[in-house]
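K.L.:
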Amino acid sequence: MSKVVLNISMSLDGFVAGSNDSQEKPLGDQGEILQAWMFSGEETSQTNSFFKLSSIDKAIFDLAAEKTGAMIVGRRTYDMVNGWGGSHPLANVPVFVLTHSVPDSTPSGNTPFTFITNGIENAVKQAKKVAGSKDVSIGTASVAQQCIKTGLLDGLDLHIAPVLLGKGTRLFDHIGEESVKLDSTEVIEGTGVIHVKYNILR
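Note that the sequence shown covers residues 72 to 273 in my numbering.
1) Measuring alpha carbon to alpha carbon, tell me which residue in SER82, HIS245, LYS74, VAL214 is nearest LEU236.
2) I need the straight-line Cα distance from PHE184 to ILE127, nearest angstrom please.
3) If you check the beta carbons only, do LYS129 and SER116 fall under 8 Å apart?
4) Going straight from the alpha carbon of GLY102 to that of GLY89, what length do you get?
5) In the DSSP assignment, find the alpha helix (DSSP H) that holds LYS137 and state where it starts and stops.
6) Measure the CB-CB distance between ASN73 and ALA202 and report whether it falls below 8 Å.
7) Under three-state DSSP, which class holds GLU260?
8) What does a CB cutoff of less than 7 Å around ALA135 pick up in its chain, not counting 5 residues either side in sequence?
9) Can you give me the Cβ contacts of ASN163 inside the same chain, cut-off strictly under 6 Å, excluding the 5 residues immediately before and after it?
10) Quick check on LYS199: buried or exposed, where buried means 16 or more other Cβ atoms within 10 Å of its Cβ?
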């Protein structure tokens, strides 16, 4: 059964990007340290040779990629990375973009893009249908917040970098007034990162 899982790198104080993020610096000021674990190892990911990881981190990264059947991102992220030039690093995985309006054109590449203008519930519904038995991966703060607030998120795969950014884009803002109870299922120490997994209890 398809699950909706937040998979994201973050600082210990809860930021997924530094301040002043832009097309030139998608992770903002000093934000590159959040994803350094994906590029500082000696082993090449079987998913994409772009990623160089330690053996422990590679196993975690590649397993998550293998289990991903679709992704949902926000329009701001899509625009900031120019739609990954048409080819997301997870090749051929469908990407659903939550947006208020559909762009006039999309870059040509191996990633199928679908633009959803009628809300997070419909985005999740369509992504689950495409993902089949695999997971729907959430990788941006705004979409994660909407999924948490509407009760659509099933789990969290967090990759915590050893840094306090102090400011930037917070992951867990705007998630509603109700507490969200979690069940810890995994904690693994990687190279310059701690990988933690939670299931959301309902």
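Every residue, glycine too, gets a C-beta built ideally from N, C-alpha and C.
P.N.:
On the basis of the data shown:
1) Counting from 1 along the sequence shown, the entry for residue 236 is found at position 165. Checked all of SER82, HIS245, LYS74, VAL214; the closest Cα to LEU236 is SER82.
2) Here residue 184 corresponds to residue number 113 of the sequence shown, with the count starting at 1. Here residue 127 corresponds to residue number 56 of the sequence shown, with the count starting at 1. Straight-line Cα distance between these residues: approximately 31 Å.
3) Here residue 129 refers to the residue found at position 58 when the sequence shown is read from its first residue. Here residue 116 refers to the residue found at position 45 when the sequence shown is read from its first residue. Yes, Cβ-Cβ distance for LYS129 and SER116 is below 8 Å.
4) Taking the sequence shown and counting its residues from 1, the one referred to as residue 102 is at position 31. Taking the sequence shown and counting its residues from 1, the one referred to as residue 89 is at position 18. Those two C-alpha atoms are separated by around 5 Å.
5) Residue numbering aside, residue 137 sits at position 66 when the sequence shown is read from its first letter. In the sequence on display, residue 137 carries Glu and not Lys. First-last of the alpha helix (DSSP H) with GLU137: 126–138.
6) The residue you call residue 73 lines up with position 2 of the sequence shown. The residue you call residue 202 lines up with position 131 of the sequence shown. Per the sequence shown, residue 73 should be read as Ser rather than Asn. Yes, they are a contact pair.
7) Here residue 260 is taken as the residue at index 189 of the sequence shown, counted from 1. Of the three classes helix, strand and coil, the one that applies to GLU260 here is strand, per DSSP.
8) Counted from its first residue, the sequence shown places residue 135 at position 64. Counting only Cβ-Cβ distances below 7 Å, and skipping sequence neighbours, we find ASN78, ASP228.
9) Taking the first residue of the sequence shown as position 1, residue 163 is located at position 92. Once the five neighbours on either side are set aside, the close Cβ partners of ASN163 are ASN181.
10) Here the question's residue 199 lines up with position 128 in the sequence shown. By the 10 Å Cβ count, LYS199 comes out buried.
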